[in-house]
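Notes follow the structure.
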């Protein structure tokens, strides 16, 4: 599939130099298996910063970036609603693609992307997502090994300040992919599907959009049934009150140490801002605006997860797995580093250099997206929703 | 309704001197508002112990106890399946009744008990239950006050060793009230209903009966919708692996301090025992068998509970309420003591001396029981179950 030697770094072009890209910088910088050679972005400021920092070529559009013969694979980190067009463009140009979660907002877009990947000889990977987190992978492998018996029940929950981080207006409109479903629930769904083998069958859920000033879903609870007979209970709140990271060793989602004295910080920062000022505040957090990188010291996570198996419950923590067995309790350490998100690069290198698909393919990402829509649909109808587009571990 | 002066202790007759009674002894002993004057139990050993400890009269049957004119109120602490007959007998004899949760196993029995209470001039109280726990009451009052805005979402979960405590054989048969639904879920349902105002409308749930050696439900997850628009997510496991008391200040359900070194104790104690030996082991934990009382130092609880309101999330702990507000976090201390379960005595005294019904009436207990059945029914059918017998706060 490729003529490059296996040890050559994957030459990556980045499309979109926003927050998503910034969060990947420590990973790209730390990992010799990948090299940033090009970027496309509309803002001259971020293109200049990229050239200065990485020495690559930049473009103001995806099309010339995809025509760049040095680019082997493209990382799409643009706003959700642009994913479908950008992914199809890159695949059509013969590039492997890594696209941020969610794969898309509409199922029609996801279908188009999966079809484009199938029609090409290239890989489509949906990530980063917290299903790549090393403790999640370790738990999935322990479950698959059979050592702790059958998986029966998963509980996953997360209480964050997501809804009060600075937003562009469309990020607060559900139909454009705003709110917690497409940005946050998608992680939890991905994690739970990774542990349960991927094939969900039915979803029942309730959602809440309780702040009239930010009129999109900010919380939900869902029950998900899986084809293997297991089930999962998911709860998420982005309303910035209780912070469940106290039950994750005071480590934040991005592996950073959290400061308990910062309570209420997200809401305080927004006080008195109108939509324009808030969008400007968001802009200061993007690449090339002088914002600092997150200093991760631990594995990333997406809130407490407990996986009940016949012979042990597994509790995922940033440091590894707490394995509560029949008679004994043990801790399986899952080392961090040197940077977060190494497994995303594993997946990219595996796909580009060894033609090996990760769990998180386009079809996988579409299956997680289907559950986001099922949550909205079930909450609206009060009825369970049967799933049609699920995907197991390949 | 009564000719006794308000300050006279309520003269209580106890029916059933088993584990339930033992767990109430510290409360009865510490509270001058109640006096144990009689007991009925089949075992001579426990009757003798009662006479020696409390100086009251004992009977081998409920009928003569209810004919005892000194008895004003009867506490029914017999096995679940006997509650209906015993409660109806006591009400017919003109006694106020406190009956352990669950009110009954079958809805028909619960209907009969509620009708008997309505036909009498006496009060029927279902308790103790963890909805009486002082932090639950404090949270319910804070919510009712409107200070933290509307209640929107509740999450309650609990991971215990319930299924591996020593059992009589019928306690492992669902149709006789065995398993976690009628003994454990009922608490969680009671707590959640207390916070949400009581009127549930619809339940969707999944259950698990995963140990063939103990073939009854050991775990469940449920979503419950309420008439006020709020919803709750409940998860329970009695499979004795992860213990969620680590997230409750290492305080156990009964307010006792837990010893982390005792991991696996419940399963270890059962290893190699047949059903008969296990029932004998259970017997050693009952009243008059020399078993010690639980030493509570904190409020009782039933696992982590988070109540999301518009302007704060409330996290219930054994010490009180952690109130996570918009900008500030504060802790509302809820003092313990002198013994657990004082609010159960408040309810009893209020009913007997002041003709005041607590939240936890017979109709209330029947509404919680309805949800236990709805959980089983929804798990079997895969469909939501609409509720018909719910009851608000009186």
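Chains as they are written, first to last, in full-length UniProt numbering: chain B, 1 to 394; chain V, 1 to 394.
The beta-carbon is built from N, C-alpha and C at its ideal position, and this holds for glycine as well.
Open item on the list: Count Cβ pairs between the segment 271-280 of chain B and the segment 117-128 of chain B that sit closer than 8 angstroms; are there 3 or more?
Closed with: no
- [ ] Note down, one range per segment and in chain order, each alpha helix (DSSP H) of at least 4 residues found wholly within the UniProt domain "GFO/IDH/MocA-like oxidoreductase" (137-255) of chain V.
- [x] 186-196
- [ ] Could you name the residues of the same chain whose beta carbon sits closer than 6 angstroms to that of residue 16 (chain B), not counting the 5 residues immediately before and after it, in chain order?
- [x] Walking along the first chain from the start, residue 16 (chain B) turns up at place 16. Closer than 6 angstroms at the Cβ level, and outside the excluded window around residue 16 (chain B), lie 77, 78.
Task: Assigned secondary structure, residue 387 (chain V) (DSSP; H/G/I helix, E/B strand, else coil) - done: Position 387 of the second chain, counted from the start, is the residue given in the question as residue 387 (chain V). Assigned with DSSP and collapsed to three states, residue 387 (chain V) falls in coil, not helix or strand.
Open item on the list: Since residue 99 (chain B) and residue 87 (chain B) should fall inside the 8 angstroms C-beta cutoff, what is the C-beta to C-beta distance between them, to a whole number of angstroms?
Closed with: Residue mapping note: residue 99 (chain B) aligns to position 99 of the first chain, counting from 1. Residue mapping note: residue 87 (chain B) aligns to position 87 of the first chain, counting from 1. The Cβ separation is near 5 angstroms, so the contact holds.
Task: Residue from B:58, B:177, B:220 with nearest C-alpha to residue 105 (chain B) - done: Along the first chain, one-based indexing puts residue 105 (chain B) at 105. Residue 105 (chain B) has its Cα closest to that of B:177, out of B:58, B:177, B:220.
Open item on the list: So for residue 1 (chain B), helix, strand or coil by DSSP?
Closed with: Counting from one through the first chain, the residue named residue 1 (chain B) turns up at place 1. For residue 1 (chain B), the predicted structure reports a pLDDT of 43, less than 50, and the residue's modelled location is therefore unreliable. The matter cannot be settled from this model.
Task: Any non-hydrogen atom of the ligand NAD closer than 7 angstroms to residue 164 (chain V) Cβ - done: As far as ligands go, the structure on display features none, and thus does not contain the ligand NAD.
Open item on the list: Here's a check: name, in chain order, each residue in its chain whose Cβ is nearer than 8 angstroms to the Cβ of residue 324 (chain V), leaving out the five neighbours to either side.
Closed with: Residue mapping note: residue 324 (chain V) aligns to position 324 of the second chain, counting from 1. Here residue 324 (chain V) has 312, 313, 314, 315 as same chain residues with Cβ atoms under 8 angstroms from its own Cβ, once five neighbours each way along the sequence are excluded.
TODO: Determine, using beta carbons only, whether residue 180 (chain B) and residue 218 (chain B) come nearer to each other than 8 angstroms.
DONE: Taking the first chain and counting its residues from 1, the one referred to as residue 180 (chain B) is at position 180. Taking the first chain and counting its residues from 1, the one referred to as residue 218 (chain B) is at position 218. A contact, by the Cβ cut-off of 8 angstroms.
TODO: With residue 35 (chain V) as the anchor, note down where its beta strand (DSSP E) starts and where it stops.
DONE: Here residue 35 (chain V) refers to the residue found at position 35 of the second chain. Looking at the DSSP string, the run of the beta strand (DSSP E) that includes residue 35 (chain V) is 34-40.
TODO: Run the CB neighbour count on residue 162 (chain V), radius 10 Å, all protein chains shown included, and call it buried at 16 or more, exposed below.
DONE: Reading the second chain from its first residue, position 162 is the one you call residue 162 (chain V). Its Cβ being crowded by 16 or more others within 10 Å, residue 162 (chain V) is buried.
Open item on the list: With a threshold of 7 angstroms on Cβ separation, who are the neighbours of residue 244 (chain B) within its own chain once the five nearest residues in sequence on each side are excluded?
Closed with: Taking the first residue of the first chain as 1, we reach residue 244 (chain B) at position 244. These residues qualify, in order along the chain: 157, 158, 159, 303, 304.
Open item on the list: DSSP three-state label for residue 78 (chain B), please.
Closed with: Start at 1 with the first residue of the first chain, and residue 78 (chain B) comes out as number 78. Three-state result, residue 78 (chain B): coil.
TODO: Using a Cβ-Cβ cut-off of 8 angstroms, state whether residue 59 (chain V) counts as contacting chain B.
DONE: Within the second chain, the letter at position 59 stands for residue 59 (chain V). Residue 59 (chain V) does not count as touching chain B.
- [ ] Note down, in chain order, every chain B residue with its Cβ under 8 angstroms from the Cβ of residue 247 (chain V).
- [x] Here the question's residue 247 (chain V) lines up with position 247 in the second chain. Under the 8 angstroms cutoff, chain B gives 247.
TODO: Could you work out which residues of chain B lie near residue 241 (chain V), taking near to mean beta carbons separated by less than 8 angstroms?
DONE: Taking the second chain and counting its residues from 1, one reaches residue 241 (chain V) at position 241. In chain order: 308, 312, 313, 324, 325, 326.
Open item on the list: Would you say residue 46 (chain B) lies against chain V (beta-carbon separation less than 8 angstroms)?
Closed with: By 1-based counting over the first chain, the position of residue 46 (chain B) is 46. No, because no Cβ of chain V sits closer than 8 angstroms to the Cβ of residue 46 (chain B).
Task: Complete runs of the beta strand (DSSP E) confined to the segment 257-314 of chain B [at least 3 residues] - done: DSSP runs (the beta strand (DSSP E)) wholly in the segment 257-314 of chain B: 305-309.
Task: Contacts of residue 237 (chain V) in chain B (Cβ-Cβ under 8 angstroms) - done: Start at 1 with the first residue of the second chain, and residue 237 (chain V) comes out as number 237. 153, 308, 313, listed in chain order.
Open item on the list: Check whether the segment 193-209 of chain B and the segment 371-389 of chain B touch, using three or more Cβ-Cβ pairs below 8 angstroms as the test.
Closed with: Cβ pair count under 8 angstroms is three or more, so yes.
TODO: Please say whether residue 27 (chain B) and residue 345 (chain B) have beta carbons closer to each other than 8 angstroms?
DONE: In the first chain, counting from the first residue as 1, residue 345 (chain B) sits at position 345. In the first chain, counting from the first residue as 1, residue 27 (chain B) sits at position 27. Between residue 345 (chain B) and residue 27 (chain B), the gap from beta carbon to beta carbon is short of 8 angstroms.
TODO: May I ask which residues mark the beginning and end of the beta strand (DSSP E) holding residue 396 (chain V)?
DONE: Because residue 396 (chain V) is not part of the residues shown, which for chain V are 1 to 394, the question remains open.
- [ ] Taking residue 333 (chain V) as part of the beta strand (DSSP E), name the residues at either end of that continuous run.
- [x] Here residue 333 (chain V) is taken as the residue at index 333 of the second chain, counted from 1. That run of the beta strand (DSSP E) goes 329-333.
TODO: Leaving aside the five residues before and after residue 266 (chain V) along the sequence, list all residues of the same chain whose C-beta is less than 7 angstroms from its C-beta, in chain order.
DONE: Looking up residue 266 (chain V) in the second chain gives position 266. Correct list, in chain order: 161, 164, 165, 240.
Task: residue 91 (chain B) - containing alpha helix (DSSP H), residue span - done: One-based indexing of the first chain puts residue 91 (chain B) at position 91. That run of the alpha helix (DSSP H) goes 83-92.
TODO: Within the same chain, show all residues whose beta-carbon is closer than 6 angstroms to that of residue 75 (chain B), passing over the 5 residues directly before and after it, in chain order.
DONE: Looking up residue 75 (chain B) in the first chain gives position 75. These residues qualify, in order along the chain: 12, 14, 98.
- [ ] Determine the chain V residues that contact residue 204 (chain B) at a beta-carbon separation under 8 angstroms, and present them in chain order.
- [x] For the purposes of this step, residue 204 (chain B) is taken as the residue at position 204 of the first chain. Near residue 204 (chain B) (Cβ distances below 8 angstroms), the residues of chain V are 204, 223, 384.
Open item on the list: When you compare the segment 287-304 of chain B with the segment 249-259 of chain B, are there three or more beta-carbon pairs, one atom per stretch, that lie closer than 8 angstroms?
Closed with: yes
TODO: Just grab the DSSP bridge partners of residue 317 (chain V) for me.
DONE: Working through the second chain from its first residue, we reach residue 317 (chain V) at position 317. V:320.
TODO: Report yes or no: is there a C-beta of chain B within less than 8 angstroms of the C-beta of residue 1 (chain V)?
DONE: Position 1 of the second chain holds residue 1 (chain V). With a pLDDT of 43 at residue 1 (chain V), under the threshold of 50, the modelled position of this residue cannot be trusted; read the value that follows with caution. Closer than 8 angstroms: no.
Task: alpha helix (DSSP H) segment containing residue 365 (chain B), residue limits - done: As a position in the first chain, residue 365 (chain B) is number 365, starting the count at 1. That run of the alpha helix (DSSP H) goes 362-381.
Task: Cα-Cα separation between residue 270 (chain B) and residue 251 (chain B), rounded to whole angstroms - done: Along the first chain, one-based indexing puts residue 270 (chain B) at 270. Along the first chain, one-based indexing puts residue 251 (chain B) at 251. The alpha-carbon atoms of residue 270 (chain B) and residue 251 (chain B) are separated by roughly 24 angstroms.
- [ ] For residue 75 (chain V), decide whether its Cβ has a neighbour in chain B, counting only Cβ atoms nearer than 8 angstroms.
- [x] Translated into positions along the second chain, residue 75 (chain V) becomes position 75. Not closer than 8 angstroms to any Cβ of chain B, the Cβ of residue 75 (chain V) fails to qualify, so no.
Task: Span of the alpha helix (DSSP H) around residue 392 (chain V) - done: As a first step, residue 392 (chain V) must be located in the second chain, where it is residue number 392. Where residue 392 (chain V) is concerned, there is no enclosing alpha helix (DSSP H), given that its DSSP letter is neither H nor E.
TODO: Kindly indicate which three-state DSSP category residue 7 (chain V) falls into: helix, strand or coil?
DONE: For this step, residue 7 (chain V) is matched to residue 7 along the second chain. In this structure, residue 7 (chain V) counts as coil in the three-state DSSP scheme.
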